Amino acid sequence: MKFFETSYTFRYPWSYVSAANWRKYPNEECPHVVAVDVLDRYVDPVTGILRTERLITCQQNIPKWILKLCGEETVSYAREISEIDPKNKTLRMTSSNLTMNHLVNVSETVTYKEDPNDPCKTLFQQEARIKCGESISRFTNYLEDFCVARFRENSVQGRQGFENVLERLRRQGETT
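Position 45 of the sequence shown, counted from 1, bears residue number 68 in our numbering, the numbering being contiguous throughout.
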C-alpha cells in the first residue's frame with residue numbers, strides 16, 4: 024500500500040472556492056477528465072449539508088505494461104461523493120475508482136476549509152491510499168509507484184487548473 028498527501032492554500036474565501044468547485048471540469052490543465060455526471064444530489068434538511076454523488080470519466084495515457092494487466096482499457100470511472108457544510112465552511116470529497124478495482128484500489132479524500140487565521144483564504148488537503156490486489160502481487164510495487172507518481176502529476180495539474188478557474192471567475196465577477 025502506498026500513500027499520497029499534499030496541501031495548499033488558495034487565496035480565495037471558502038465560499039468562492041466551494042462554489043467554483045462545480046466548475047472545475049473541464050479545464051485545460053486536466054484534459055484526462057472527459058466527463059462529470061451528477062448521479063444524486065440532496066440537502067439534508069436538519070444539517071443543511073449538500074451531498075452530491077458524481078461519476079467522473081477519465082481517459083489517461085497508460086503505459087503498455089499496465090494496459091496488458093487491465094485489458095487494454097484507457098477509459099476509467101471513479102465515484103465521488105461530496106459534502107458541503109456551509110455552517111462549518113467545509114467541503115469534503117471522497118472518491119474511489121470503479122474501473123480496475125480488482126487490480127488496484129485508489130481511495131482519495133479532498134478537503135477544503137476556511138483558513139481559521141484568514142477567512143479570505145481556503146485550506147486544501149488531499150490524501151490518497153493506493154493498494155494493489157493480490158492477484159498481481161508480482162507487479163504491486165511497480166503499479167503502486169506508477170499510481171502515486173500519476174496522482175502527484177494530476178494533483179499539480181488539477182490545482183493549477185482550479186486556480187485558472189478561480190481566476191477566470193474572479194475576472195468575470197469584476198466585469199459583471
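C-beta atoms are modelled at their ideal positions from N, C-alpha and C, and glycine is treated no differently.
Bear in mind the structure is a predicted one, so any value in this text is a computation, not a measurement.
Comparing C-alpha distances from Asp141 to each of Arg191, Arg34, Phe26 shows the shortest one belongs to Arg34. Nearest neighbour of Asn164 by Cα position, chosen from Glu96, Ser130, Leu126, Glu186, turns out to be Leu126. Sixteen is the threshold: since fewer than 16 other Cβ atoms of the shown chains lie within 10 Å of the Cβ of Met24, the residue is exposed. Residues of the same chain with a CB within less than 6 Å of the CB of Arg64, apart from the 5 flanking positions on each side, are Thr75 in chain order. Membership of Tyr100 in the beta strand (DSSP E) is indicated by the continuous run 98-108. Shown here, Thr70 sits in coil according to DSSP, grouped into three states, outside any helix or strand. Annotated three-state conformation of Gln83 is coil, per DSSP. Within 10 angstroms of the beta-carbon of Asn120 lie 16 or more other beta-carbons, which makes it buried. By the criterion of a C-beta distance shorter than 7 Å, Asp138 is surrounded in its chain by Thr32, Lys144, Thr145, Leu146, once the five residues flanking it on both sides are discounted. Boundaries for Tyr135: no alpha helix (DSSP H) harbours it, while the beta strand (DSSP E) harbouring it runs 127-138, taken from the DSSP string. The secondary-structure analysis by DSSP pairs Ala151 across a beta bridge with Phe27, Glu131.
Beyond the five residues adjoining it in sequence on each side, Trp37 comes within less than 6 Å, by CB distance, of Lys112, Glu137, Thr145 in the same chain, given in chain order. Excluding sequence positions up to five before and after Arg46, its CB lies within less than 8 Å of the CB of Val188, Leu192, all in the same chain and listed in chain order.
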